[in-house]
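Here is the structure we will look at, set down as structure tokens.
2 protein chains.
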Amino acid sequence: MAEKVTIATVARHAQVSRQTVSNVLNAPHIVREETRQRVQEAIAALGYRASQAARQMRTGRSRLIAVRIEPTRDGINGSVLDRFLHGLTETAEAAGYRTMLYTATDRQREIATYDDLLGAYDLDGFVLTATDHGDPRTAWLADRGVPFVTFGRPWDDLDAHCWVDVDGAAGTAAATAHLLAAGHRRIGWIGWPAGSGVGDDRRAGWHRTLRAAGVDPSGLHRETVDGIAEGERCARELLADPAPPTALVCASDSLALGALQAARTTGPAIPVIGFDDTPVAAALGLTSVGQPLGDAAARCVDLLTAVLDEPRRGLAPVLLQPALVLRRTA
Amino acid sequence: MAEKVTIATVARHAQVSRQTVSNVLNAPHIVREETRQRVQEAIAALGYRASQAARQMRTGRSRLIAVRIEPTRDGINGSVLDRFLHGLTETAEAAGYRTMLYTATDRQREIATYDDLLGAYDLDGFVLTATDHGDPRTAWLADRGVPFVTFGRPWDDLDAHCWVDVDGAAGTAAATAHLLAAGHRRIGWIGWPAGSGVGDDRRAGWHRTLRAAGVDPSGLHRETVDGIAEGERCARELLADPAPPTALVCASDSLALGALQAARTTGPAIPVIGFDDTPVAAALGLTSVGQPLGDAAARCVDLLTAVLDEPRRGLAPVLLQPALVLRRTA
DNA sequence: GGGCAGGATTGGATCGTTCAAGTTTCTGGA
DNA sequence: TCCAGAAACTTGAACGATCCAATCCTGCCC
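Chains A and B, in that order, are what the protein sequence lines are.
Just so we're on the same page, the working numbering is the position in the first sequence counted from 1, plus 1.
Just so we're on the same page, the working numbering is the position in the second sequence counted from 1, plus 1.
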């Protein structure tokens, strides 16, 4: 069993001091080219890797970022987080950071977990998902000066902190415009109850596009919690109207899926467009608004590393554009 | 800004030595009850948390386990890993371990990543997924004595290392038996090409159940790579036979989905059963064999922590039973 | 040839914890 | 009362990296 390779082993092998090896790693420009090369060779030959623990102890930085992994609720939307997570891990790796997971059942516990992670692992930063109005988590982190980025806007104050988001309103606007272009006028909306930032945003895109086209949206929409059965019920209600919508835009693929089933059973098929471009949508040929999740994750890492390198700078938020993925249903 | 709380701060506050505080944390039984309580109070009062980095430096253990996060391939099967990951993180947390993610595009790079993670972060262990015949990763880890558990059997030698798996054959057997009980005789199979451990296992369950019922399986099966379109094509072929199957069992929900569409378009609907109980299956009412993923993840953590506590013991592998989730399609 | 400036290199101290070994306190039996 | 032995607690050293301050070159100019 070969003994452990430390910075001292490398130094001895390259016939320099520990500090020189450290400089080669952390400040290569101050080391003479020839020396630098000799050290690099020794590092490669010995397979040396700097102990993150020792480095962290001295510098206080762990090169670790944390993300919460949520329980897959209805299973359909779970894949969104999954894709985001993958992008995040990949980009973070490229930037020299590693990703750590944690779970939390509610926000208070999540804050307790922050405390834990910061205290025990000296985490460098957090990426938060699923933020909402008056989120206590961002306040807690900001109070303590902990670097973090949210995937999702701080709906109360857009300058409150660093964020990355996808323009949901633009997505539903594109979906609505697509249906208008196909000749539809009475385009319905099935979404979530008012009050959630994401839901209101998506609804706004449909609303303003319809009004701009001179259509009165009243009576054309229903609000409910997320779910396939709920979507089906709402669609049934809308289609039972004397002047029913001839096409539907939904706040999620779950709702759209339900709507699709309602439309199939009540009469002639009508166009339905969902949101999130989940695997289910792809499997069923459901037209859906797709979020650039890989991109979003990459921008989160970019922002976070920028904050870590230069803690003072206030960084501009990032708003990405979604894209309508056309399939059979519209 | 409060200064950092270390073990020394706690020691001063409780009027004991550093070591006693350390003992309270790591070997409470050797500390007198009264002292123990005093130290615990000081810890709580100061909000002290042991620095994992410092601890790791001394002990060489990081209380960190790593899992690979795969790119969501066709998106349907992605959710399987997602659910597994969530269970893993949760159970690991309860056992005092944290989960770290990494990505890798191929097995050689994955091994390079092991080296990196072990060298830099002193990872305690790995959980591998998607193992197959002659997997170089397990050999590499075993050679170096790195603790690991695989989710998936080592198909070449069941005693090669510690593993947790779900009995796929039992799942397809249950599906086949269910169809037999419903009066079907000619039950078809759509699966993956021979050679993959998982695929062969699932196929075997269908095969042996059919034979046990006195039905000749020849001509009733098709093999293809995974995918909806592929499933549809295979189902078409089978149904075009002069004596077509009256029901289908598939190796995955993707294949089953394709088969379902083929059945819908070629004639009267026939029962179809998939595998993995993915969100897509739930959304479509597809009967499917569900894996106890949360359980599997928990057992992986159990085994891994057991190995970490007692490196010598050869631990018995775990084979979990899947469950048939009945829905509309069968 | 000597002195000097500037950059490259060196040794020592340090981060917060646990291990090993040493010291004090307590307990019980003669 | 005294002492052995155990139990409880304390002290110094070490893990492997980085930071700091001091020293050593090297080349250059007078």
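In this text, a Cβ means the ideal position worked out from N, Cα and C, and glycines have one as well.
Ignore the nearest five residues each way along the sequence and tell me which others in R99 of chain B's own chain have a CB closer than 6 Å to its CB. On the second sequence, residue 99 of chain B is found 98 positions in, with the first residue counted as 1. Excluding residues within five positions, the ones whose Cβ falls inside 6 Å are L65.
Hey, A236 of chain A and L249 of chain A are a contact pair by Cβ (cut 8 Å); roughly how many whole angstroms apart? One-based indexing of the first sequence puts residue 236 of chain A at position 235. One-based indexing of the first sequence puts residue 249 of chain A at position 248. Between L249 of chain A and A236 of chain A the Cβ distance is about 6 Å, and since that is below 8 Å, they are a contact.
Per-residue contacts from I70 of chain B into chain A (C-beta, under 7 Å): Here residue 70 of chain B refers to the residue found at position 69 when the second sequence is read from its first residue. Listed along chain A, the residues sitting closer than 7 Å to I70 of chain B by beta-carbon distance are L86, H87, T90.
What's the C-alpha gap between A205 of chain A and G88 of chain B? Here residue 205 of chain A is taken as the residue at index 204 of the first sequence, counted from 1. Here residue 88 of chain B is taken as the residue at index 87 of the second sequence, counted from 1. Going from the Cα of A205 of chain A to the Cα of G88 of chain B covers about 37 Å.
Roughly how many angstroms lie between the CA atoms of R314 of chain A and C163 of chain A, to the nearest whole one? Reading the first sequence from its first residue, position 313 is the one you call residue 314 of chain A. Reading the first sequence from its first residue, position 162 is the one you call residue 163 of chain A. Near 10 Å, if we compare the C-alpha coordinates of C163 of chain A and R314 of chain A.
Rounded to whole angstroms, how far is the Cβ of G198 of chain A from the Cβ of W141 of chain A, which I believe are closer than 8 Å? Looking up residue 198 of chain A in the first sequence gives position 197. Looking up residue 141 of chain A in the first sequence gives position 140. Not confirmed; about 19 Å, so no contact.
Measure the alpha-carbon distance for R212 of chain A versus S253 of chain A and round it to whole angstroms. The sequence position of residue 212 of chain A within the first sequence is 211, counting from 1. The sequence position of residue 253 of chain A within the first sequence is 252, counting from 1. Cα to Cα, the separation comes out at about 22 Å.
Name the two residues that bound the continuous beta strand (DSSP E) containing D166 of chain B. The count along the second sequence starts at 1 and reaches residue 166 of chain B at position 165. D166 of chain B -> beta strand (DSSP E) spans 164 to 167.
Please determine if the region 179 to 196 of chain B and the region 145 to 154 of chain B are in contact, where contact requires at least 3 C-beta pairs separated by less than 8 Å. no
Rounded C-beta distance between A51 of chain B and A121 of chain A? I'm assuming under 8 Å. For the purposes of this step, residue 51 of chain B is taken as the residue at position 50 of the second sequence. For the purposes of this step, residue 121 of chain A is taken as the residue at position 120 of the first sequence. Confirmed, Cβ separation roughly 6 Å.
Using DSSP's beta-bridge definition, name the partner residues of I274 of chain A. For the purposes of this step, residue 274 of chain A is taken as the residue at position 273 of the first sequence. A:V250, A:T288, per the DSSP bridge assignment.
Which residues mark the beginning and the end of the alpha helix (DSSP H) in which L240 of chain B is found? As a first step, residue 240 of chain B is located in the second sequence; it is residue number 239 there, counting from the start. Note, L240 of chain B: alpha helix (DSSP H), 229 to 240.
Going by DSSP, what residues sit across from G192 of chain A in a beta bridge? Position 191 of the first sequence, counted from the first residue, corresponds to residue 192 of chain A. DSSP lists A:E224 as partners of G192 of chain A.
Of the residues A:T177, A:G232, A:E224, the one placed nearest H208 of chain A, counting alpha carbons only: Stepping through the first sequence from its first residue, residue 208 of chain A is reached at position 207. Of the listed residues, the one whose Cα sits closest to H208 of chain A is A:T177.
Alpha carbon of L82 of chain A to alpha carbon of A55 of chain B, nearest angstrom: As a working note, residue 82 of chain A is residue 81 in the first sequence. As a working note, residue 55 of chain B is residue 54 in the second sequence. Straight-line Cα distance between these residues: approximately 33 Å.
Please determine if the region 124 to 131 of chain A and the region 90 to 107 of chain B are in contact, where contact requires at least 3 C-beta pairs separated by less than 8 Å. no
For chain B, find out if any of its Cβ atoms is closer than 8 Å to the Cβ of P280 of chain A; answer yes or no. Position 279 of the first sequence, counted from the start, is the residue given in the question as residue 280 of chain A. Yes - at least one Cβ of chain B is within 8 Å of the one on P280 of chain A.
Which term fits V226 of chain A, buried or exposed, when burial requires 16 or more other beta carbons within 10 angstroms of its beta carbon? Here residue 226 of chain A is taken as the residue at index 225 of the first sequence, counted from 1. Answer is exposed; the Cβ neighbour count stays below 16.
Could you tell me whether any Cβ in chain A is nearer than 8 Å to the Cβ of E4 of chain B? Counting from one through the second sequence, the residue named residue 4 of chain B turns up at place 3. No, E4 of chain B lies away from the interface with chain A (no Cβ there is under 8 Å from its Cβ).
At least one CB of chain A closer than 8 Å to the CB of Q57 of chain B: is that the case? Start at 1 with the first residue of the second sequence, and residue 57 of chain B comes out as number 56. Yes, Q57 of chain B lies at the interface with chain A (some Cβ there is under 8 Å from its Cβ).
Nearest residue (CA-CA) to L356 of chain B, options B:I274, B:A264, B:E4: Any question about residue 356 of chain B goes unanswered here, given that chain B covers just 2 to 331.
Ignore the nearest five residues each way along the sequence and tell me which others in G295 of chain A's own chain have a CB closer than 6 Å to its CB. For the purposes of this step, residue 295 of chain A is taken as residue 294 along the first sequence, with counting starting at 1. These residues qualify, in order along the chain: G88.
Does any residue of chain B have a CB that is nearer than 8 Å to the CB of A54 of chain A? One-based indexing of the first sequence puts residue 54 of chain A at position 53. A54 of chain A counts as touching chain B.
If I follow the unbroken alpha helix (DSSP H) through V308 of chain B, where does it start and stop? Here residue 308 of chain B refers to the residue found at position 307 of the second sequence. Start and end: 294 to 310.
Near the ligand GDP: S18 of chain B beta-carbon under 7 Å from a heavy atom: The ligand content of the structure shown is nil, which means the ligand GDP is not present either.
Paired residues, beta bridge with V68 of chain B - DSSP: As a first step, residue 68 of chain B must be located in the second sequence, where it is residue number 67. BP columns for V68 of chain B point to B:L102, B:V128.
CB-CB under 6 Å to P137 of chain A, same chain, minus the five flanking residues each way: which ones, in chain order? To locate residue 137 of chain A, count along the first sequence from 1; it is residue 136. Cβ neighbours of P137 of chain A beyond the five flanking positions: R108.
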